[in-house]
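Undergrad: Residue numbers (the numbering used here), protein chains in the order written: chain A, 105 to 448; chain B, 105 to 448.
In this text, a Cβ means the ideal position worked out from N, Cα and C, and glycines have one as well.
Protein chains: 2
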Amino acid sequence: MTEPKIQDVARLAGVSPSSISNFLNNRMGQMRPDTQAKIQQAIEQLGYRPNNAARQLKTGVASMVGLLVPSLANQFFGALACAVETAAARHGCHVMTFSTFRDPDRERAVMADLLAYGVKGIVTGSALSDTEHLVAVTSRCPVVAFDIKRNDESHARIATISMDNAAATTLAVQHLVTLGHRAIALVTPPPYTLNRQERIRGFLQAVGAAGIAGELVIADATDGPSDPHGDTRLFELGRSAAARIVTAASRPTAAIAINDMMAIGIGVGLKQLGRRIPADISLIGIDDIFFCAAHDPPLTTLRQPIQAMADAAVQRILAPDEKPDGALFAPELIVRSSTATPPR
Amino acid sequence: MTEPKIQDVARLAGVSPSSISNFLNNRMGQMRPDTQAKIQQAIEQLGYRPNNAARQLKTGVASMVGLLVPSLANQFFGALACAVETAAARHGCHVMTFSTFRDPDRERAVMADLLAYGVKGIVTGSALSDTEHLVAVTSRCPVVAFDIKRNDESHARIATISMDNAAATTLAVQHLVTLGHRAIALVTPPPYTLNRQERIRGFLQAVGAAGIAGELVIADATDGPSDPHGDTRLFELGRSAAARIVTAASRPTAAIAINDMMAIGIGVGLKQLGRRIPADISLIGIDDIFFCAAHDPPLTTLRQPIQAMADAAVQRILAPDEKPDGALFAPELIVRSSTATPPR
DNA sequence: CTGTTAGCGCCTTCAT
DNA sequence: ATGAAGGCGCTAACAG
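(1) Give me the residue from 420/A, 434/A and 426/A with the minimum Cα distance to residue 248/A.
(2) Please state whether the Cβ-Cβ distance between residue 150/A and residue 209/A is less than 9 Å.
(3) Could you compute how far the alpha carbon of residue 174/A sits from the alpha carbon of residue 315/B?
(4) What residue range does the beta strand (DSSP E) around residue 164/A cover?
(5) Does the separation of the CB atoms of residue 389/B and residue 410/B fall below 9 Å?
(6) For residue 391/A, count neighbouring Cβ atoms within 10 angstroms of its own Cβ and tell me buried if that reaches 16, exposed if not.
(7) So, helix, strand or coil for residue 394/A, using DSSP?
(8) Could you pull the start and end residues of the beta strand (DSSP E) that residue 202/B belongs to?
(9) Could you say which of 138/B, 120/B and 146/B lies nearest to residue 108/B if we only look at CA atoms?
(10) Considering just the uninterrupted stretch of the alpha helix (DSSP H) at residue 113/B, what are its terminal residues?
(11) Go through its chain and collect everything with a Cβ distance to residue 394/A's Cβ below 7 Å, but skip five positions before and after it.
(12) Since residue 404/B is in the beta strand (DSSP E), which residue starts that stretch and which ends it?
(13) Could you check which residue in 153/A, 162/A and 116/A has the C-alpha nearest to that of residue 142/A?
(14) Chain A partners of residue 212/B, CB-CB under 8 Å?
(15) Closer than 8 Å, Cβ to any Cβ of chain A: which residues of the region 159-182 of chain B, in chain order?
(16) Span of the alpha helix (DSSP H) holding residue 223/B?
(17) Does chain B have any CB closer than 9 Å to the CB of residue 126/A?
(18) Can you name the start and end residues of the beta strand (DSSP E) that residue 79/B belongs to?
(19) Of all the options 286/B, 273/B, 281/B and 287/B, which has the alpha carbon lying nearest to the alpha carbon of residue 301/B?
(20) Along the region 364-392 of chain A, where does the CB come closer than 8 Å to a CB of chain B? Name the residues.
(21) Taking Cβ positions, are residue 493/B and residue 320/B nearer each other than 9 Å?
(22) Bridge partners for residue 249/B per DSSP, in chain order?
(23) Which residues in chain B have a C-beta closer than 8 Å to the C-beta of residue 186/A? List them in chain order.
(24) Quick check on the burial criterion: 16 or more other C-beta atoms within 10 angstroms. Buried or exposed for residue 435/B?
(25) To which residues of the same chain is residue 362/A closer than 7 Å at the C-beta, ignoring the five residues directly before and after it?
(26) Note the first and the last residue of the continuous alpha helix (DSSP H) segment covering residue 439/B.
(27) Check whether the Cβ atoms of residue 276/B and residue 307/B lie closer than 9 Å to each other.
(28) Taking 9 Å as the cut-off, decide whether the C-beta atoms of residue 201/B and residue 171/B are in contact.
(29) What does the alpha-carbon distance come out to for the pair residue 246/A and residue 270/A?
(30) In chain order, which continuous runs of the beta strand (DSSP E) of length 3 or greater are located wholly inside the region 288-365 of chain A?
(31) Could you check the C-alpha separation between residue 218/B and residue 152/A for me, to the nearest Å?
(32) When the Cα atoms are used, what is the spatial distance from residue 424/A to residue 204/B?
(33) Using the Cα positions of residue 134/A and residue 154/B, report the straight-line distance between them to the nearest angstrom.
(34) So, at 6 Å on beta carbons, what are the nonlocal neighbours of residue 263/B in its own chain, with the 5 sequence-adjacent residues on each side left out?
(35) Name, please, each residue of chain B whose Cβ falls closer than 7 Å to the Cβ of residue 219/A.
(36) Return the Cβ separation of residue 195/A and residue 341/A in integer angstroms, given the expectation that the two are a contact with Cβ distance under 8 Å.
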């Protein structure tokens, strides 16, 4: 239970602690090979590992970046966390992840915890419930946001990573139009976030450009069970929205969901209503979470390039001098089996 | 970018640093209320947060536990990470999570990283690819495993948290037998882990006790794409195993999958073969991941009490003196719509 | 090329 | 009830 320290290694190797330190930090510029060998052997013999706390205290920086997500139990954010971990590893960094459960107080608290750990920067995939507070954090370390509510001047110091949300819905509409659809619905929760607003804008624009009917279905259910993990709510919202798609005035033959979770809910709702997908109605999601492939039928979707986005987010923090890797990331249309030509 | 330190607070509050320290550690025994108030105000005014690295260096322990999972992109382990985070929070602890991607070298490396951070203990949900190494780690800090390959004497120092795996399959069989099934298949990858062996044992035993036919389908595909995230492989294995269920000599009218991911794959495969669930064949999974509810039809499953298990794992590390909270956790049968009476 | 030294920010006796 | 002092393990000058 008592770890060997740098002095123990130095003693065993017959050199001074600073040589060990140099060795550990790859400052081998002027070190004789035999010294290196001795050090290496002493380290292994003792099973020595440098104490991160001491190192951090001395250097002032941890080799950690912080990550905030609504919940790791949410498939999308689990995948995001995985991508961020991979991205950080490329820079020799570790990731400390916190779930906020969409609780503003908890969000504030874990931000403070992250700061106390001396993280090099914070990536947040959690909605910004308290903009003021987040902005304050930027004075302590770089902050990169994946989801942002507004995009005004107060966020100048918050870097934003985003897919081209308008392009996603535009591509979806174009795919559907090519298939022959003339009336399409977009199903979304209330557009509180910029992401959603952009998706709506892209939808409206594409539908207008194609000269077809666009039906906006805002699914809002305050009666649902509270949902700290963020999965259930969207799913349920989608399921209950299915009826509104079916009864919409413009008689849509296809539905675009604000994301895959909602699409899956819509799929279940539609089937309960006796509609077949895609024979009666086509369905498209956004994100490309794993279960799109397992859905019945496999779900056509617009894939978010999560790894590329995570790479960019981490790069903004750990290598801010490199060229900012693109502003908006392009969604990729993944055609599976939930879209087809409209009935009749 | 430069954090206030304890001295700054002391100066502003007009007291000594140690009073601040006492305040921070709730050693308020002899402190005058007005002093406390001054300190409190100074802290808020400066936005002061104690430096974790310094605290840890001094006290020797971090308030962190480590968590190893194959990948957070895997739904089950995302949920597990979430549960562990919640459990640790109850003890005022944070969690540092690493994905191993089932790479033994990486597993070793991140274990070492965790040790270097001075974690209080390590929870591993990753298969033990290198038992020797893990055992070595137990001399540095407590280790709790969720999934273990063997259970021999060498693991005496590794605490194990497990659902009663045999009970899960037994319950599944009993549920099916009650429904009227007389021939049941268990579909599993090769039983490399104790978990799987136990599930098989429970299955065989229950099937024998009921006097019905039990078909063991070992799905083994080395030709599949490598799958660092662990989702795809099981899904694909399930899908390709569907044909073997259908053609099995005992003509099973129901299938139990080793877990939900595989069950979902089996479901897709069965449908591709033209079989309806549950009309033609019943299907049961194990775990109760979120998508069971979204599956078509909603999947009957044996729920793992993840939160209770996470609580127990964390307790073993952070409060080892309390009574060990049960050895085996009971699975809970969640009946949805994928099971019904057999055809004819 | 390697050893010596002086803290990093905090906590913990021990005095006061 | 509060202040002073030493050191946790490591790194980064600077000596030698």
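TA: Per the coordinate set shown:
(1) 420/A
(2) no
(3) 49 Å
(4) Per DSSP, residue 164/A belongs to no beta strand (DSSP E) and is neither H nor E.
(5) no
(6) buried
(7) coil
(8) For residue 202/B, the enclosing beta strand (DSSP E) starts and ends at 198-203.
(9) 146/B
(10) It spans 110-117 - the alpha helix (DSSP H) in which residue 113/B sits, taken as one unbroken run.
(11) 179
(12) 404-407
(13) 116/A
(14) Ordered by position in chain A, no residue passes the 8 Å Cβ test against residue 212/B, which lies about 12 Å from the chain.
(15) 160, 161, 166, 175, 176, 177, 178, 179, 181 and 182
(16) Run containing residue 223/B: none; DSSP gives neither H nor E here.
(17) At a cut-off of 9 Å between beta-carbon atoms, residue 126/A makes no contact with chain B.
(18) Residue 79/B lies beyond the stretch modelled for chain B, which goes from 105 to 448, so this question has no answer here.
(19) Ranking 286/B, 273/B, 281/B and 287/B by Cα distance to residue 301/B puts 273/B first.
(20) Against chain B - using a Cβ distance shorter than 8 Å - the residues of the region 364-392 of chain A are 368, 369, 371, 372 and 375.
(21) The question about residue 493/B has no answer, for chain B in this structure spans 105 to 448.
(22) 228/B and 264/B
(23) Proximity of chain B to residue 186/A at the Cβ level (cut-off 8 Å) is accounted for by 175, 176, 177, 203 and 333, in chain order.
(24) buried
(25) 291, 292, 293, 300, 303 and 390
(26) Taken as a continuous stretch (DSSP letters only), residue 439/B belongs to no alpha helix (DSSP H), as it is neither H nor E.
(27) A contact, by the Cβ cut-off of 9 Å.
(28) Their beta carbons are under 9 Å apart, which means residue 201/B touches residue 171/B by this criterion.
(29) 27 Å
(30) 317-322 and 358-361
(31) If you take the alpha carbons of residue 218/B and residue 152/A, they lie about 13 Å apart.
(32) Rounded to the nearest whole angstrom, the CA to CA distance from residue 424/A to residue 204/B is 28 Å.
(33) 39 Å
(34) When the five nearest sequence neighbours on each side are left out, the beta carbons in the same chain lying within less than 6 Å of the beta carbon of residue 263/B are those of 248 and 420, in order along the chain.
(35) Per Cβ cutoff of 7 Å: 153.
(36) In fact, because the Cβ distance is near 38 Å, the residues do not count as touching under 8 Å.
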